[in-house]
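Colleague: Input: one structure, supplied below.
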Amino acid sequence: MQALDVRPTRIVAMGGGTGLPMVLRGLARRADPKLGDPGLDITAVVAMSDDGGSSGRLRRTRGTLPPGDVRNCLVALAGGKGTSPLSEVFQYRFAGKRGLAGHAVGNLLIAAFAELKGDFLEAVRVSGELLGVKGRVLPSTTSPVQLVAQMEDCTEVVGERNISRAHGRIRKVLLSPRSPPPVDGLIEAIRTADLIAIGPGSLYSSVMPNLLVDGVAQALCESRALKVMVANLMTQPGETDGMDCLDHVRAVIDHVGPVLDAVLINGAQLSEEAARRYALKGQFPVRVDRRALISAGVVPVEADLLKESPRIRHDSRKVARCLLKMARTGL
């Protein structure tokens, strides 16, 4: 008999900031095929609305798309900062107050490749080849976009870096220009995925911008993949103050429709000492009402997701293990 052709499990992970690289580091460890395990086909989808720090300076001075979140995802898929000298170099940030100060080397390299090739997507691909990434990174769009927040007090805040400074309740976010076109390959990746992980990360500035790209919400609704939101552990000052897990889920649904099947939540106890330290910074645990989530049409899946650390962080290995179990066995 001819052996069955077993393909890798297709995972699409969407987000930005520090949350998406965390998910990718865990998945990258499981990407290579082994005996009885065909491995993973990983696609990372990165928000393109960042306008702060090194990325923001490159946008303003060179007209490039923001490379920072892309860089972090490439390094994560290459195994992390400490896995190779080149990954270390990509993450190296110049010190000082002038000139290159504050710029990460990887940001400059991606920007340089984009100018040489005349194509940001090609610059990302070449950078990935240099690093030996296990998967691919796609900017959600290659159109220059800004994030705009409509606040509950009817004011409007333009620019991602200004939104958290506004210290108001966000009612809605949108991209300007609206509904930018998706990058080539994005919609197909969503349609053919086995599981789509959304988050964790800044709800309005890292997660939502990906979903507002033209065609993404519709593709998510039509995809047969299991769509899982990885819940944040803590609230984010200036962005999600006072919001519980259901509020995060409802925000996604209100913006783009019923695109979530499940939410992966942490079931481990937070350290009281760490919680007190975070409270001093205005960050509090994201409360979870499981019955309310079920009533909203989203299945809560609970597991120990905490990293053993003085800081309250997700453990990339634990998150990846849960996502792969869900992808291969369902809920």
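903 is the number of the first residue of the sequence shown in our numbering; add one for each residue after it.
All residues carry an ideal CB built from backbone N, CA and C; glycine is no exception.
Everything numeric in this text was worked out from a predicted model, so none of it was measured.
1. Does the distance from the C-beta atom of ASP1191 to that of ASP1163 stay below 8 Å?
2. Tell me which residues share the same chain as GLY982 and place their Cβ nearer than 6 Å to its Cβ, disregarding the 5 neighbours each side in the sequence.
3. If contact is defined by three or more beta carbon pairs under 8 Å, each pair taking one atom from either stretch, is the segment 1098-1112 in contact with the segment 916-930?
4. What is the DSSP secondary structure of ARG912, reduced to helix, strand or coil?
5. Can you list the alpha helix (DSSP H) stretches of 4 or more residues lying completely in the segment 964-1022, in chain order?
6. Give me, in chain order, the residues of the same chain whose beta-carbon lies closer than 8 Å to that of VAL1118; leave out the 5 immediate sequence neighbours on both sides.
7. On a CA-only basis, which of ARG1126, ALA1127, GLN1052 and VAL1151 is nearest ASN1134? Give me that one, please.
8. Tell me whether ARG1080 is buried or exposed, calling it buried when 16 or more other Cβ atoms sit within 10 Å of its Cβ.
9. Is ARG1093 near the ligand SAM, going by C-beta to nearest heavy atom under 7 Å?
10. Given this structure, state the Cα-to-Cα distance separating ASP1096 from ALA1003, to the nearest angstrom.
11. So what does DSSP say about VAL1158, is it helix, strand or coil?
12. Can you check which of these residues, PRO1046, GLY1169, GLY1140 and ALA1205, is closest to ASP1021 by C-alpha distance?
13. Can you check DSSP and say which residues form a bridge with GLN1171?
14. Using a Cβ-Cβ cutoff of less than 8 Å, which residues in the same chain neighbour VAL1200 once the five nearest sequence positions on both sides are dropped?
15. How is the alpha helix (DSSP H) around VAL1221 delimited, first residue to last?
16. Whole angstroms is fine: what's the gap from ALA978's alpha carbon to ALA930's?
17. Cα separation between THR1231 and VAL1007?
18. Would you identify the three-state DSSP class for ILE1214, choosing helix, strand or coil?
19. Which term fits LEU1114, buried or exposed, when burial requires 16 or more other beta carbons within 10 angstroms of its beta carbon?
20. Going by alpha carbons, who is nearest to ASP1217 out of ARG1193, MET1228 and ALA1170?
21. Are the beta-carbon atoms of PRO969 and ALA1013 separated by less than 8 Å?
22. ASN1168 and LEU1195: beta carbons closer than 8 Å?
23. Quick check for students: name the residue ranges of the alpha helix (DSSP H) that lie wholly in the segment 1061-1145, counting only runs of 4 or more.
24. Check the DSSP bridge columns for GLY917 and list the partner residues they point to.
25. Determine contact between the segment 1048-1056 and the segment 1064-1073, defined as no fewer than three beta-carbon pairs at a distance below 8 Å.
26. Compute the distance between the beta-carbons of ARG932 and ALA1222, then report whether it is under 8 Å.
27. Between the C-alpha atoms of MET903 and VAL925, what's the straight-line distance to the nearest angstrom?
28. Out of curiosity, what's the CA-to-CA distance linking THR945 and ARG1038?
29. Just the Cα atoms here: how many angstroms apart are PHE1015 and GLY954?
Modeller: For this structure:
1. No, the Cβ-Cβ distance between ASP1191 and ASP1163 is not below 8 Å.
2. So the qualifying residues of the chain are ARG927.
3. By the Cβ rule, the segment 916-930 counts as touching the segment 1098-1112, because three or more pairs are nearer than 8 Å.
4. For ARG912, the three-state secondary structure derived from DSSP is strand.
5. If we require 4 residues or more, the alpha helix (DSSP H) runs fully inside the segment 964-1022 come out as 970-979, 987-993 and 1007-1019.
6. If we look at VAL1118 and ignore the five residues flanking it on each side, its Cβ neighbours are SER1042, PRO1084, LEU1088, ILE1089, ILE1092, ASN1112 and VAL1158.
7. Of ARG1126, ALA1127, GLN1052 and VAL1151, the residue nearest in Cα terms is VAL1151.
8. It is exposed - the Cβ of ARG1080 has fewer than 16 other Cβ atoms within 10 Å.
9. The model depicted lacks the ligand SAM and carries no ligand whatsoever.
10. Their backbone Cα atoms lie some 42 Å apart in a straight line.
11. Note: VAL1158 maps to helix in three-state DSSP.
12. Nearest option by C-alpha distance: PRO1046.
13. Looking at the DSSP assignment, GLN1171 forms no beta bridge with any residue, so it has no partner.
14. Hits under 8 Å: MET1131, VAL1151, LEU1162, ASP1163, ALA1164 and VAL1165.
15. Counting along the chain, VAL1221 sits inside the alpha helix (DSSP H) bounded by residues 1218-1231.
16. Taking the CA atoms as reference points, ALA978 sits about 8 Å from ALA930.
17. Approximately 41 Å between the Cα atoms of the pair.
18. Look at ILE1214 here: in three-state DSSP terms it is coil, with no helix or strand label.
19. If you draw a 10 Å sphere on the C-beta of LEU1114, you find 16 or more other C-beta atoms in it, and that means buried.
20. Closest in C-alpha terms to ASP1217, from the list ARG1193, MET1228 and ALA1170, comes ALA1170.
21. PRO969 is a Cβ neighbour of ALA1013, given a cutoff of 8 Å.
22. No, these two residues do not count as a Cβ contact at 8 Å.
23. Fully enclosed alpha helix (DSSP H) runs of no fewer than 4 residues occupy 1062-1068, 1088-1094, 1110-1113 and 1118-1124 of the segment 1061-1145, in order along the chain.
24. Residue pairing by DSSP places GLY917 opposite VAL948 in a beta bridge.
25. Judged by Cβ distances under 8 Å, the segment 1048-1056 makes contact with the segment 1064-1073, as three or more pairs qualify.
26. Cβ atoms of ARG932 and ALA1222: closer than 8 Å.
27. Summary for MET903: the model assigns pLDDT 37, below 50, so the residue's position carries little reliability, and this model does not support an answer.
28. Taking the CA atoms as reference points, THR945 sits about 5 Å from ARG1038.
29. For PHE1015 and GLY954, the distance between alpha carbons rounds to 21 Å.
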